[in-house]
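K.L.:
Number of protein chains: 2
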Amino acid sequence: MKVLLVHAHPEPASLNGFLRDLAVETLQGGQHQVRVSDLYAMNFPAALGPADVQGPRVDATHFKAQAEQKQALAQGSFAPEIKAEQEKLRWCDHLILQFPIYWFSMPAIMKGWVDRVFTTGFAYGGGGTMWYENGGLKGRRALVSMTTGAAAPAFAADGIHGDIDRILWPIHNGIMHFCGFQVLRPEIFYGVSRIDAEARAAMIERYRRRLVGLEREQPLYFHRLADFGADHRLKPEVTPLTGFQYRG
Amino acid sequence: MKVLLVHAHPEPASLNGFLRDLAVETLQGGQHQVRVSDLYAMNFPAALGPADVQGPRVDATHFKAQAEQKQALAQGSFAPEIKAEQEKLRWCDHLILQFPIYWFSMPAIMKGWVDRVFTTGFAYGGGGTMWYENGGLKGRRALVSMTTGAAAPAFAADGIHGDIDRILWPIHNGIMHFCGFQVLRPEIFYGVSRIDAEARAAMIERYRRRLVGLEREQPLYFHRLADFGADHRLKPEVTPLTGFQYRG
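Chains V and X, in that order, are what the protein sequence lines are.
178 is the number that the numbering used here gives to position 178 of the first sequence; each next residue is one higher, with no gaps.
432 is the number that the numbering used here gives to position 184 of the second sequence; each next residue is one higher, with no gaps.
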């Protein structure tokens, strides 16, 4: 595998940093190639905007992101940090996002990496022809590896925070599946600030073993494009998947 | 009402910018007070990290966000932009978030505003005593006002992108409700890049009328803390709300 690991945590010596290193070492030990985008170390700018593109603008007086992205992709005029990340995404066949849950989502710096790098024409586009299983990054697989403060029961289907699959839906379906990735089940390290050393070591060992066999995992199942009509709703004859669609 | 409007769009003259101005003018016309945090205009830094706190650290060698936030709150040593936003949140009794949907969530710069400003001890905390209806920002109401590229059917319960309420769950439950806000139903401007001038004008008028009566709106209903057991799961005798819990 060619693995791109994108990492976001403000403290290099955090558990997330440990898990980043564990993944790199384990995957390299399995003869896989690994590249890392450590977003805090890179000081990656998070706000999508005019600085994303260089050279003459489509419209210098009114910034329309998609029009500027299309031109920048055609002319190779994206900002260097966007070009570099798109090159890594083209190169990889497996993406791992390593982050602590912040407000039931990814940290802003990682959200900015998605906002700015997953541009139209590259990750999706074509007026609805290049998305979901035809997304611009198809042929690749993706995995969320995430730590949480709260313990697992709070993220159960009847938990106070809501089902973890519901919380991850915007990432799993809206970013990964939308762009053509096959999505693996998430690796979640629950309640990491409150667990003892033994429980922590067990979680780490579980992830290490998983990484060794990652190549052979079956992805989650989502509805296919053919299940939806021209109005982008499920066709009447299609039985909806239970739960959050991607539970096959 | 004392309204804090937080706005995130890279183009000042966008529809989102228009909606920001519409809200300010309409609410001021109704004798309400309005303050605006225009995050792009402020160049608001998005990445939570050591720069959030000033002065001596709890641990200068290892950054633990919650420990540093607790000390900074007690000592008044947050970075100036965090202090200023917390002061606005304390002042307001109504929050409006105005943004274009980016990757089925808010733009990274707004996510960073939440990550950095909604600190422990201020917006939530106390080991599970200051959250949900006891959250640090209780007594306030909150509204998402959001534009989307896709039309409404794609966000139906059987739509290709998934139910809009599922997509907004991390914001509605995980940010707003979690911190004590009462959540109003979202104002969604669907498919704004593809609609004609008449449809656009109708959407704008619908929002303007809504703003006039905003003060009298009933918030969405969520499960109460008392519905959950000590394990943070619904008590067996509680009937789960249908849909996304907050549909009463």
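All C-beta atoms in this analysis are idealised placements derived from N, C-alpha and C, irrespective of residue type, glycine included.
Values in this document were obtained by computation on a predicted structure and should not be read as measured data.
Under 7 Å Cβ-Cβ, which residues of chain V neighbour X/E329?
P.N.:
Result: empty, since nearest Cβ-Cβ is about 14 Å, beyond 7 Å.
K.L.:
Based on Cα-Cα distance, which residue from X/G297, X/G278 and X/D269 lies nearest to X/S285?
P.N.:
X/D269
K.L.:
Within 10 angstroms of its Cβ, does V/E205 collect 16 or more other Cβ (buried), or is it exposed?
P.N.:
exposed
K.L.:
Going by DSSP, name the residue or residues bridged to V/H7.
P.N.:
V/D38 and V/Q98
K.L.:
Measure the C-alpha to C-alpha separation of X/K483 and V/I164 and round it to an integer number of angstroms.
P.N.:
19 Å
K.L.:
Using three-state DSSP, classify X/K336 as helix, strand or coil.
P.N.:
X/K336: helix per DSSP, three-state reduction.
K.L.:
Using a threshold of 8 Å, state whether the C-beta atoms of V/G16 and V/P80 are closer than that.
P.N.:
Going by the sequence as given, residue 16 of chain V is Asn instead of Gly. Contact flag unset, no.
K.L.:
Find the residues of chain V that neighbour X/N421, judging by a C-beta separation of less than 8 Å, and give them in chain order.
P.N.:
F104, H161 and G162
K.L.:
Would X/P298 pass as a contact of V/P186 if the rule is Cβ separation under 8 Å?
P.N.:
The answer is no: Cβ separation not under 8 Å.
K.L.:
Could you name the residues of the same chain whose beta carbon sits closer than 8 Å to that of X/R495, not counting the 5 residues immediately before and after it, in chain order?
P.N.:
Low local confidence applies: a pLDDT of 46 at X/R495 is under 50, so the model's placement there is unreliable, with the coordinate-based value given in what follows. Only D413, L468, Y469 and L489 meet the Cβ criterion.
K.L.:
Start and end of the alpha helix (DSSP H) containing X/E273?
P.N.:
L263 to G277
K.L.:
What residue ranges within the stretch 429 to 484 of chain X form continuous alpha helix (DSSP H) runs of no fewer than 4 residues, ordered along the chain?
P.N.:
445 to 460
K.L.:
Going along the chain, which residues of the stretch 471 to 483 of chain X sit with their C-beta nearer than 7 Å to a C-beta in chain V?
P.N.:
F476, D479, H480, R481 and L482
K.L.:
Mark V/H161 as exposed unless 16 or more other C-beta atoms lie within 10 angstroms of its C-beta, in which case mark it buried.
P.N.:
buried
K.L.:
Counting Cβ pairs, one atom from each stretch, are 3 or more of them under 8 Å apart for the stretch 77 to 93 of chain V and the stretch 318 to 327 of chain X?
P.N.:
no
K.L.:
Using 8 Å as the limit for Cβ to Cβ distance, is V/D158 near chain X?
P.N.:
yes
K.L.:
Give the C-beta separation of X/M358 and X/L345 to the nearest angstrom, bearing in mind that I take them to be a contact with Cβ-Cβ under 8 Å.
P.N.:
7 Å
K.L.:
Applying the 10 Å Cβ sphere with the 16-neighbour rule, what's the burial state of V/A230?
P.N.:
exposed
K.L.:
Identify whether X/Q232 lies in helix, strand or coil by the three-state DSSP scheme.
P.N.:
Only positions 249 to 496 of chain X appear in this structure, which leaves residue 232 of chain X out of reach.
K.L.:
Consult DSSP for V/V238 and reduce its assignment to one of helix, strand or coil.
P.N.:
coil
K.L.:
Taking Cβ positions only, does X/F370 come closer than 8 Å to chain V?
P.N.:
no
K.L.:
Could you check whether the Cβ of X/W339 sits closer than 8 Å to any Cβ belonging to chain V?
P.N.:
no
K.L.:
Just to confirm my understanding: we take V/L48, look at its own chain, exclude 5 residues before and 5 after, and list those with CB closer than 8 Å. What are they?
P.N.:
A65, G112, D115 and R116
K.L.:
Let me check understanding here. Comparing Cα to Cα, which of V/V212, V/G180 and V/P12 lies closest to V/M42?
P.N.:
Of the listed residues, the one whose Cα sits closest to V/M42 is V/P12.
K.L.:
Starting from the beta carbon of V/H62, find every residue of chain X whose beta carbon is closer than 7 Å, and list them in chain order.
P.N.:
Ordered by position in chain X, the residues that pass the 7 Å Cβ test against V/H62 are E259 and A261.
K.L.:
Determine the DSSP secondary structure at V/K78, reduced to helix, strand or coil.
P.N.:
At residue 78 of chain V the sequence reads Phe, which differs from the Lys that was named. Reduced to three states, the DSSP call for V/F78 is strand.
K.L.:
Any idea if X/N421 is buried or exposed, counting beta-carbon neighbours within 10 angstroms, 16 or more meaning buried?
P.N.:
buried
K.L.:
Going by DSSP, what residue range makes up the alpha helix (DSSP H) through X/A356?
P.N.:
A356 to V365
K.L.:
Which one of V/S14, V/R233, V/E133 and V/V34 has the shortest CA to CA distance from V/F181?
P.N.:
V/E133
K.L.:
Short of 6 Å in beta carbon distance, which residues of its chain neighbour V/V6, apart from the five on each side in sequence? Order them along the chain.
P.N.:
S37 and L97
K.L.:
Could you work out which residues of chain V lie near X/D269, taking near to mean beta carbons separated by less than 7 Å?
P.N.:
Result: empty, since nearest Cβ-Cβ is about 16 Å, beyond 7 Å.
K.L.:
Measure the alpha-carbon distance for V/Q71 versus V/D93 and round it to whole angstroms.
P.N.:
26 Å
K.L.:
With 16 other CB atoms within 10 Å as the buried threshold, where does X/H480 fall?
P.N.:
buried
K.L.:
What is the DSSP secondary structure of X/K250, counted as helix, strand or coil?
P.N.:
strand
K.L.:
Give the residues of chain V in contact with X/G383, contact being defined as C-beta atoms less than 7 Å apart.
P.N.:
Within 7 Å Cβ-Cβ: nothing; X/G383 doesn't reach chain V, min ~12 Å.
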